[in-house]
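Here's the structure, in structure tokens; my notes come after.
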Amino acid sequence: MSYSKHRYRITVTPIETDGKQCSGRCTIEFEQRSQYNWMRQLESAQSQRRLSCNDDASVVVVTGLLETLAESTARPDSPLATLQPELDQLLHKLQQLQVTD
127 MSYSKHRYRI TVTPIETDGK QCSGRCTIEF EQRSQYNWMR QLESAQSQRR
177 LSCNDDASVV VVTGLLETLA ESTARPDSPL ATLQPELDQL LHKLQQLQVT
227 D
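Under my numbering, think of the first position of the sequence shown as 127, with each following residue one higher.
Structure representation (structure tokens):
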């Protein structure tokens, strides 16, 4: 499985109660590679209009992140290997949310 096709930069920045971004060192940012085109998945999910826009985006991103995590847990030496059964079940349920009717 090749992950070089799609790369995503994920940034998480808390928003203060006044609606402004926090100041200082408060952003988490990392890169994620995926074999899937998350933008197409999001467009497809939004065309179904089953969830809110934010929920659609959340489902697409969390599914992509969990798929990558599940692949790394499949290695026998992974400290996360004990999560594999639960990850598989959760991914199956998340993918059902994205199935085109």
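Backbone N, C-alpha and C fix where the C-beta goes; we use that ideal spot for every residue, glycine too.
Find the nearest neighbour of residue i within the set the options, judged by alpha-carbon distance.
{"i": "N163", "options": "T208, G145, Y134", "result": "Y134"}
{"i": "L213", "options": "T189, I154, E169", "result": "T189"}
{"i": "T208", "options": "L195, K219, L220", "result": "L195"}
{"i": "Q222", "options": "D203, S149, G150, Q174", "result": "Q174"}
Decide if residue i is buried, meaning its Cβ has at least 16 other Cβ atoms within 10 Å, or exposed.
{"i": "G145", "result": "exposed"}
{"i": "A171", "result": "buried"}
{"i": "Q215", "result": "exposed"}
{"i": "M127", "result": "With a pLDDT of only 47 at M127, under the threshold of 50, the placement of this residue in the model should not be trusted; the figure read from the coordinates follows. Exposed is the call here."}
Skipping 5 residues on each side, what residues in its chain have a beta carbon closer than 6 Å to that of residue i?
{"i": "I154", "result": "V138"}
Considering only residues of the same chain and omitting the five flanking positions on each side of residue i, which have a CB-CB separation below 7 Å?
{"i": "K131", "result": "Q161"}
{"i": "Q147", "result": "T139, I141"}
{"i": "L191", "result": "Q158"}
Between which two residues does the alpha helix (DSSP H) harbouring residue i extend?
{"i": "Q210", "result": "210–223"}
{"i": "S198", "result": "179–199"}
{"i": "Q167", "result": "164–174"}
Output needed for residue i: all residues of its chain with C-beta closer than 8 Å, excluding positions within five of it in sequence on either side, in chain order.
{"i": "E193", "result": "S160, Y162, L217"}
{"i": "K219", "result": "none"}
{"i": "L168", "result": "D182, A183, V186"}
{"i": "A200", "result": "A207, Q210"}
For the beta strand (DSSP E) containing residue i, list its first residue and its last residue.
{"i": "T137", "result": "132–138"}
{"i": "Q161", "result": "Looking at the DSSP string, Q161 is not in any beta strand (DSSP E), and its letter there is neither H nor E."}
Flag this pair as touching only if the region 173–182 and the region 144–163 have three or more C-beta atom pairs under 8 Å; answer yes or no. no
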